[in-house]
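One point on numbering: in our numbering, the residue at position 32 of the sequence shown is 74, and numbering is uninterrupted.
All C-beta atoms, glycine included, are put in the ideal place defined by N, C-alpha and C.
Remember, predicted model here, so these are calculated numbers, not experimental data.
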Amino acid sequence: MTPQARYQAAIEILDSLTNGAAAEQVLTSWARRNRFAGSKDRAAIRDIVFDVLRRKRSAAAWGGGQSGRSLVLGLCRQTGIAAEEVFTGQGYGPAVLGAAEQAAGAAPEPGSAVDLDCPDWLWPHIEASLAERAAPVMAVLRDRAPVFIRANLARLTRQQAQTLLAEQGVMTQPHDLSPSALRVTEGARALRQSRAYQDGLVELQDAASQAVADLVPLPPGGRLLDYCAGGGGKSLALAARLRGEFYLYDIQQGRMRDVPARAKRAGARLTCMTARGLEAQAKFDTVLADAPCSGSGAWRRSPEGKWQITQDRLTELCALQDQVLEQAAGHVRPGGHLVYATCSILEEENGLRVQAFLKAHPNWRAQSQDRWTPLDGGDGFFCAVLKAPS
């Protein structure tokens, strides 16, 4: 495909997203219908679509409309891509711009919610949560996220992982957020085919997510419950660092379907449980509750979430987080630890939830609270370590 044809494909995909379809699903469907598109074509089209979604509001302002064509035009204008080299009408590319399109659109006011690609209702929440960092964080969320790797420290050092990956064409740099974190600087698309990945020596995991796992306490040989386990990424990180028994539970059991294969590849022993199995267990030394949240700290990776979240949904999530904290605390042994984490930058989902829990449970105490924003390099995360009464 020509570069122009890739932009045209992105325009068509963006137009189909107006019906509420998920971008990844639409991209997959498009690829199945267009077998002629090679892997590089599909990757380039995906990049264009997600670049637009991260900047959807400002792109609409620059391009003068909400259509896929206007959004791509707006993206070109604000990122310095020559629109006349994209809208050529040649090689299956977008038609040449008309006079109305050339005249439409304007740069949004610098520092405004439009310029920072933030919904109007959400901006006060962002400011209240981040203060002077609000605008810089939202600006960073408009760009692609770095690719991070976690070295499986149970099997090799970070330096050994870096050397092995380099031999396979994946170049990395150590990152300060975690002793196991490596940022990919070259060859990211080759990672999954590398021997290091396929042999479980490294895993894809955000650096701040690794930093959260680094803070989880567990006595030697202790028992840990990952209460909202999902794909098991944090449990795998914990099993590489700590000696103990690791149990996983998620109310949506299907989210754990890949855990056995991932654990086998990494050489980790993880036990997935049903609700009935969990109730039959004794209380745990540590319970990790990586609670459902807005995902605002990871909007670089999942930009649709920024446009789908509403005030009502945020209120629902906060109530759900209170429920998760209450339920998870019931599985902690006396004197044990409850670790509450989110990938959110919103204080409503973070410190305020911990405050509400401690107010309802005055015998518990907060041992530590840590926050990361995308300005630290990884995604936005929050982690609180709470200690149960003895």
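The distance from the Cβ of L219 to that of G419 is about 6 Å, consistent with a contact at the 8 Å cut-off.
R395 is the residue among K306, R395, V374 whose C-alpha sits nearest the C-alpha of A333. Per DSSP, the unbroken alpha helix (DSSP H) holding K306 starts and ends at 301 to 308. For S410, the uninterrupted beta strand (DSSP E) segment begins and ends at 407 to 414.
Note that the region 311 to 320 does not touch the region 346 to 362; fewer than 3 beta-carbon pairs, one per stretch, sit closer than 8 Å.
The three-state secondary structure of H379, taken from DSSP, is strand.
Taking the Cα positions, R200 is about 47 Å away from A148. With contacts defined by Cβ atoms closer than 8 Å, L290 and L280 do not form a contacting pair.
Note on geometry: alpha-carbon atoms of L260 and K276 lie some 14 Å from one another. It is roughly 20 Å from the alpha-carbon of P302 to the alpha-carbon of S236. DSSP lists A193 as the bridge partner or partners of V244. A331 is positioned such that its CB atom lies closer than 8 Å to that of L367. With a contact defined as Cβ atoms closer than 8 Å, R311 and Q252 miss out at about 20 Å.
Residue pairing by DSSP leaves V182 without any beta bridge partner.
Note on the region 312 to 398: whole beta strand (DSSP E) runs with a minimum of 3 residues are 312 to 314, 326 to 332, 374 to 384, in chain order.
In this structure, Q215 and R225 form a Cβ contact; the two beta carbons are roughly 5 Å apart against a cut-off of 8 Å. In the same chain as A383, and ignoring 5 residues on each side of it, the C-beta atoms closer than 6 Å to its own belong to V254, D332, C425, in chain order. By a beta-carbon distance limit of 8 Å, L115 contacts A125. Their separation comes to about 6 Å.
The region 53 to 72 and the region 83 to 101 touch, with three or more beta-carbon pairs separated by less than 8 Å. Fewer than three Cβ pairs drawn from the region 176 to 190 and the region 201 to 208 lie within less than 8 Å of each other, which leaves the two stretches out of contact.
Under the three-state reduction of DSSP, M298 is assigned to helix. C118: member of the alpha helix (DSSP H) spanning 110 to 121, first to last residue. Secondary structure at F92: helix, using DSSP grouped into helix, strand and coil. For L69, no beta strand (DSSP E) encloses it; the enclosing alpha helix (DSSP H) starts and ends at 65 to 75. For Y289, the enclosing beta strand (DSSP E) covers residues 286 to 290. When only Cα atoms are considered, A137 and A305 end up about 50 Å apart. Assignment of G133 by DSSP, reduced to helix, strand and coil, places it in the coil class. Burial check for S222: the Cβ neighbour count within 10 Å reaches 16 or more, so the residue is buried. When secondary structure is reduced to three states using DSSP, A426 falls in the strand class. Residue environment for K98: buried (at least 16 other C-beta atoms within 10 angstroms of its C-beta). Here the C-alpha atom of D300 lies approximately 18 Å from the C-alpha atom of N194. Secondary structure in the region 196 to 235: the beta strand (DSSP E) runs of 3 residues or longer, each lying completely within the stretch, are 213 to 216, 223 to 228 in chain order.
Judged by beta-carbon spacing, L362 lies beyond the 8 Å limit of A370, meaning their Cβ atoms are not closer than that value.
Contact annotation: M298 and A271 have beta-carbon atoms nearer than 8 Å. For L139, the CB contacts under 8 Å within the same chain, skipping 5 residues up- and downstream, are L115, A125, E126, F129 in chain order.
Classified as buried, W104 has 16 or more neighbouring CB atoms from the shown chains inside 10 Å of its CB.
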